[in-house]
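Chains as they are written, first to last, in this note's numbering: chain R, 20 to 108; chain V, 3 to 186.
For glycine and all other residues, C-beta sits at the position ideal for the given N, C-alpha and C.
It should be emphasised that the depicted structure is a prediction, and the values quoted were computed from it without experimental measurement.
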Amino acid sequence: MEPITGKALVLACSAIGAGLAMIAGIGPGIGQGYAAGKGAEGVGRQPEAQGDIVRTMLLGAAVAETTGIYGLIIALILLFANPLVGLLG
Amino acid sequence: MEENFIMQFLNWLASFETKELVAAASCIGAGLAMIAGIGPGIGQGFAAGKGAEAVSVNEKASKQTTMVMLLGAAVAETSGILALVVALILLYGNPLMSTEGVSIIIAASAIGAGLSMIAGIGPGIGQGYAAGKSTESVGRRPKLQSSVVRTMFLGQAVAQTTGIYALIIALVLMFANPLIKMVM
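Okay, structure coming up:
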């Protein structure tokens, strides 16, 4: 078997890094679920305000989503447009 | 290059056949993917606790609260199932085993696919929390069951998104890996 080249090492670490980046998905998952729970609780308490409650819940959930999307972007960059591989020349 | 610990480790890895290395990494990846099981475990446990609480508060609505609890827990289960699917693919239908390329990249992709699925912890906990709160609300006011459950499903669908992103990255790493082609 051929020895591991520097480029191969960078690409291998990129694969692991892409997976690590996606662990960030834990946060939005927990946070949005909490929001969903409180939203359901609120509708249960005041059903006439359902529209407002759901709108606020979705607004907050969208903000909570951002870090998950950052993780996804970094993973996609590592996979499809890795700038570090280009630096090796 | 000097022979430090990392170089010795890489040379040791390079001394294995490609298939051996990929198989070993796939085993690690399958185990890592299953860490996602933490999420549904915590979430469904919360839902179950809230269900027991709701039944003790309003015994008449016990059937309704139990049904809402099970519905919510079923949604919370999905990210655990997705992780299980990725682990089973790594074990039984591993596309990386027949991939041609530099062994360490293929092996690292298997580990990366497993790591990616750890994100399933989040949706599992979050959706379980939503299920628990919905169960509590239905127990308090059973008449509002349909609107409470609708809000719960909507929120759970949003909470699922990051789990789906993780699944996409894991599937890309396994089936359409752009990194492997970059050295050839």
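Taking a Cβ-Cβ cut-off of 8 Å, alanine 68 of chain R has no neighbours in chain V, whose nearest Cβ is about 11 Å from it.
Against tyrosine 89 of chain R, chain V offers no close residue; the least beta-carbon distance is about 11 Å (beta-carbon pairs closer than 7 Å). Non-local C-beta neighbours of glutamine 65 of chain R in its own chain, meaning closer than 8 Å and more than five positions away in sequence, comprise Ile72, ordered along the chain. Here the alpha carbon of leucine 39 of chain R sits roughly 37 Å from the alpha carbon of valine 62 of chain R. Residue burial annotation: asparagine 179 of chain V is buried, with at least 16 other C-beta atoms found within 10 angstroms of its C-beta.
For the pair glycine 87 of chain R and glycine 44 of chain R, the CB atoms are nearer than the 8 Å cut-off. Glycine 126 of chain V and alanine 38 of chain V do touch by the CB rule: their CB atoms are close to 7 Å apart, below 8 Å. Contact annotation for valine 73 of chain R against chain V: Thr153 and Leu156 [CB-CB distance below 7 Å, chain order].
Using a CB distance cut-off of 8 Å, proline 47 of chain R counts as an interface residue toward chain V. Here leucine 93 of chain V has Ala32 as same chain residues with Cβ atoms under 6 Å from its own Cβ, once five neighbours each way along the sequence are excluded.
For alanine 27 of chain V, the enclosing alpha helix (DSSP H) has its first and last residue at 20 to 35. Distance from the CA of isoleucine 182 of chain V to the CA of glutamate 19 of chain V, rounded to the nearest whole angstrom, comes to 17 Å. Taking C-alpha positions only, glycine 90 of chain R is separated from isoleucine 42 of chain R by approximately 8 Å. In terms of beta-carbon proximity, proline 22 of chain R lines the interface with chain V, with at least one pair separated by less than 8 Å. Secondary structure note for leucine 92 of chain V: its alpha helix (DSSP H) is the uninterrupted segment 64 to 94. Fewer than three pairs of CB atoms, one per stretch, sit closer than 8 Å, so the stretch 109 to 116 of chain V makes no contact with the stretch 137 to 150 of chain V. Around the beta carbon of glutamine 10 of chain V, a 10 Å sphere encloses fewer than 16 other beta carbons of the protein chains shown; the residue is thus reported as exposed. With a minimum length of 3 residues, there is no unbroken run of beta strand (DSSP E) contained wholly in the stretch 158 to 183 of chain V.
In the DSSP assignment, glutamate 67 of chain R falls outside any alpha helix (DSSP H), carrying neither H nor E.
For isoleucine 35 of chain R, the chain V residues whose Cβ falls inside 8 Å of its Cβ are Ala110, Ile113, Gly114 and Leu117, in order along the chain.
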